[in-house]
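In full-length UniProt numbering, the protein residues as written are 1 to 721.
Even for Gly, the Cβ is constructed at its ideal location relative to N, Cα and C.
Worksheet: one structure, shown below.
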């Protein structure tokens with residue numbers, strides 16, 4: 001009797017197991033292929049993991065209903081990458097595999113591009129009301145370009161609702177697509193300076209061999225030009241490349257520069273794309289079209305067919321680590337992906353992560369130094385401004401305000417860095433001492449004066465702000481500390497005739513807002529930028545000659561061992577916005593600890609020396625990157641339940657070579673009414689730590705935990721608090 005064929009299927013469920021199904025006669029399957037399967041009373045989309053498995057004894061298996069494509073959605077390299085990531089990051093395989101699919105394919109939609117309508121004018125004149133300016137503009141755009149597509153009109157700023165409105169009025173009609181003109185000829189590779197040429201000569205020669213390169217280039221040294229030059233000279237016309245950027249807000253500037261050299265070959269991938277845009281880009285990648293993809297961390301998981309180069313820009317950035325669910329590091333996965341694809345990976349940063357710097361010191365990565373600014377630009381002059389005993393206005397000292405005034409008088413721009421959004425981080429009663437705290441978290445509410453609201457930046461709880469103390473009704477109830485809104489108001493009082501441009505998460509929520517801000521600043525007209533870390537990353541403002549850091553002391557005394565590294569990286573990155581053009585730059589760093597060794601070394605602008613110093617401290621403390629680390633995090637409705645769960649795990653984790661810290665409450669022990677605790681595991685052997693974590697996960701999967709108790713494993717954590 002012929003043994004029935006059985007396939008092992010992964011489902012998009014948070015379950016650490018796979019499901020066996022019978023393969024109907026005549027159905028050809030391959031790993032990575034999408035299928036439909038019965039699951040309870042539902043029909044779900046699944047991905048084939050394995051074929052020809054042994055049938056479980058005494059179980060009547062259901063049969064696969066059918067395939068959604070005749071080809072695997074995840075080719076071998078991508079499938080192997082995701083199965084490795086599932087094991088390394090201790091996350092259910094089903095959720096890992098489905099991360100590589102766009103939302104439409106996860107829901108079972110056909111893997112084919114949606115037709116894009118083309119529009120022609122149905123009349124020569126538009127009978128529209130005089131005040132219907134957008135509809136008139138839309139009609140004229142279609143009239144000027146008959147056959148223009150809906151997607152092209154949307155990119156031009158019109159909405160699909162406006163298009164349908166004109167269609168209903170019978171002013172436009174669908175028709176044949178316009179014959180597109182040949183694409184404009186790509187620009188040749190950018191011209192490099194002598195320092196850039198020396199760095200370029202050290203870049204990997206072969207795009208069909210694995211190599212890992214750390215490009216340590218100071219801010220303004222022209223790392224992007226090196227990326228462009230490398231792709232221009234090494235990437236063939238039929239090959240694919242991936243350029244990772246840490247955040248969507250960096251995409252517009254990077255995109256514009258790459259499109260100048262590669263035209264329509266450039267595609268994008270980030271969270272702001274709609275389902276249709278994601279599907280179309282995914283299909284181009286899977287079908288092997290020679291795209292150069294610029295994307296955020298999840299782009300590294302996509303099913304490339306001819307990937308020949310990976311570039312990770314700002315590789316140190318913590319945004320590359322996913323903070324919830326599938327907690328992978330986009331940078332580290334990119335390195336492993338390059339290994340699987342046998343292609344070079346280039347990690348670029350002015351402030352490399354200590355992990356990458358250590359790998360370069362150990363010879364695992366090739367180190368290329370680029371320590372001259374491009375063109376005539378010179379590194380900015382850094383100055384520590386001790387604010388002890390100085391009077392402050394919203395955190396700004398008199399010397400800082402005078403420097404801003406002098407900068408604006410010269411027709412230049414100033415940037416003020418405040419790493420807190422909102423108006424003030426706390427409201428306090430100066431009579432009874434009451435502080436407004438979040439009712440759901442162990443943290444205080446931030447005052448947002450624009451909306452007259454008190455908000456928690458951890459759980460999004462908000463309430464209306466009060467003018468009097470909720471406890472004693474005193475009117476001596478005042479905001480304490482400074483955020484971006486307060487700094488903006490103070491600067492507006494001092495410089496009433498000068499534009500103040502605030503850049504934080506609140507001011508850039510609307511679609512296109514960051515592009516509008518960048519366009520305004522890039523005019524070069526005198527203005528003051530006020531913002532958070534969003535301003536510190538990768539932006540090029542040629543007329544910014546002064547950077548003022550309101551408070552540099554936040555990371556000096558944190559409980560998180562990574563805080564000093566992240567503080568120095570942020571300060572050097574934001575300092576690098578100054579003097580990127582022909583004019584010299586200056587950086588004023590306000591601090592109460594001007595004699596601190598880290599800050600004094602910072603003023604020498606020598607990140608390599610600081611990195612060596614921090615690595616020596618990590619080695620003494622037996623901390624990453626000298627040891628592997630993972631955190632088992634638990635949360636429940638009471639702290640007792642969270643700690644109790646971790647207490648039961650601790651004996652199971654005890655093993656020769658494993659050091660255990662805790663269990664202890666998290667720094668913010670209560671967040672969104674959930675009580676959080678953690679158990680930290682360290683080991684000299686990453687493989688041994690991985691085996692212990694696998695055993696813990698298997699135990700937790702089988703344990704009958706209270707429904708309110710949740711747990712997660714965080715491998716290579718970026719935050720230990």
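Am I right that residue i and residue j are in contact with their C-beta atoms under 8 Å? What's the rounded C-beta distance?
i: residue 82; j: residue 97; result: 5 Å
i: residue 610; j: residue 668; result: Residue 610 to residue 668, Cβ: 28 Å. No contact.
i: residue 660; j: residue 717; result: About 15 Å separates the two Cβ atoms, so there is no contact after all.
i: residue 63; j: residue 24; result: 5 Å
i: residue 239; j: residue 306; result: 5 Å
i: residue 693; j: residue 713; result: 6 Å
Would a C-beta distance cut-off of 7 Å place residue i and residue j closer than the cut-off?
i: residue 487; j: residue 504; result: no
i: residue 403; j: residue 255; result: no
i: residue 445; j: residue 432; result: no
i: residue 683; j: residue 658; result: yes
i: residue 354; j: residue 614; result: yes
i: residue 37; j: residue 9; result: yes
i: residue 69; j: residue 34; result: yes
i: residue 77; j: residue 341; result: yes
i: residue 385; j: residue 590; result: yes
i: residue 395; j: residue 482; result: yes
i: residue 548; j: residue 588; result: yes
i: residue 471; j: residue 434; result: yes
i: residue 674; j: residue 442; result: no
i: residue 170; j: residue 122; result: yes
i: residue 162; j: residue 138; result: yes
i: residue 343; j: residue 308; result: yes
i: residue 368; j: residue 334; result: no
i: residue 99; j: residue 301; result: yes
i: residue 234; j: residue 191; result: no
Excluding the 5 residues flanking residue i on each side, which residues of the same chain have their C-beta closer than 6 Å to its C-beta?
i: residue 104; result: 275, 279
i: residue 222; result: 196, 374
i: residue 388; result: 592
i: residue 461; result: 438, 440
i: residue 371; result: 218
So, for residue i: in the same chain, excluding its five sequence neighbours on each side, which residues have a beta-carbon less than 7 Å away from its beta-carbon?
i: residue 185; result: Interpretation of residue 185 is limited by its pLDDT of 48, a score under 50 that renders its predicted location unreliable; the figure taken from the coordinates is listed afterwards. The answer is none, since no qualifying residue turns up.
i: residue 701; result: 16
i: residue 728; result: The chain is shown only over 1 to 721; residue 728 falls outside these bounds and no answer can be derived.
i: residue 53; result: 6, 8, 20
i: residue 41; result: none
i: residue 94; result: 10, 11, 12, 13, 15
i: residue 733; result: Nothing in the structure corresponds to residue 733, since the chain is present only between 1 and 721.
i: residue 605; result: 379, 382
i: residue 393; result: 490
i: residue 633; result: 676, 678, 711, 712, 714
i: residue 579; result: 377, 378, 380, 545, 585
Could you please give the first and the last residue of the uninterrupted beta strand (DSSP E) stretch that includes residue i?
i: residue 603; result: Taken as a continuous stretch (DSSP letters only), residue 603 belongs to no beta strand (DSSP E), as it is neither H nor E.
i: residue 409; result: Looking at the DSSP string, residue 409 is not in any beta strand (DSSP E); the run it does join, the alpha helix (DSSP H), is 398–409.
i: residue 634; result: 628–636
i: residue 120; result: 118–121
i: residue 454; result: 453–455
i: residue 591; result: 586–591
i: residue 344; result: 344–349
Between which two residues does the alpha helix (DSSP H) containing residue i stretch?
i: residue 567; result: 563–575
i: residue 276; result: 275–286
i: residue 308; result: It is not in any alpha helix (DSSP H) - residue 308 instead sits in the beta strand (DSSP E) that spans 307–313.
i: residue 722; result: In this structure the chain extends from 1 to 721, so residue 722 is not present and cannot be described.
i: residue 86; result: 76–88
i: residue 163; result: 160–168
i: residue 38; result: Note, residue 38: premise wrong, no alpha helix (DSSP H); beta strand (DSSP E) at 34–39.
i: residue 647; result: 639–653
Is residue i close to chain B, meaning its C-beta is less than 7 Å from at least one C-beta of that chain?
i: residue 521; result: Considering every chain present, this structure includes no chain B. It has just one protein chain.
If I measure Cβ to Cβ from residue i and keep anything under 8 Å in the same chain, skipping five residues before and after, which residues do I get?
i: residue 697; result: 16, 90, 713
i: residue 65; result: 35, 36, 37, 38, 43
- Item | Any 3 or more C-beta pairs closer than 8 Å across the segment 324–340 and the segment 286–306 | yes
- With contact counted as at least three CB pairs below 8 Å, one residue from each stretch, are the segment 669–681 and the segment 653–661 in contact? yes
- Quick check: the segment 634–643 against the segment 409–419, are there 3 or more CB pairs under 8 Å? no
- Task: Please determine if the segment 199–207 and the segment 217–226 are in contact, where contact requires at least 3 C-beta pairs separated by less than 8 Å.
- Result: yes
- Message: I'd like to know if the segment 583–601 and the segment 550–561 are in contact, where contact means that at least 3 CB-CB pairs between them fall below 8 Å.
- Response: yes
- Three-pair Cβ contact test at 8 Å for the segment 349–368 versus the segment 377–391: no
- Item | Stretch-stretch touch, CB-based, cutoff 8 Å, three pairs: the segment 214–221 with the segment 281–294 | no
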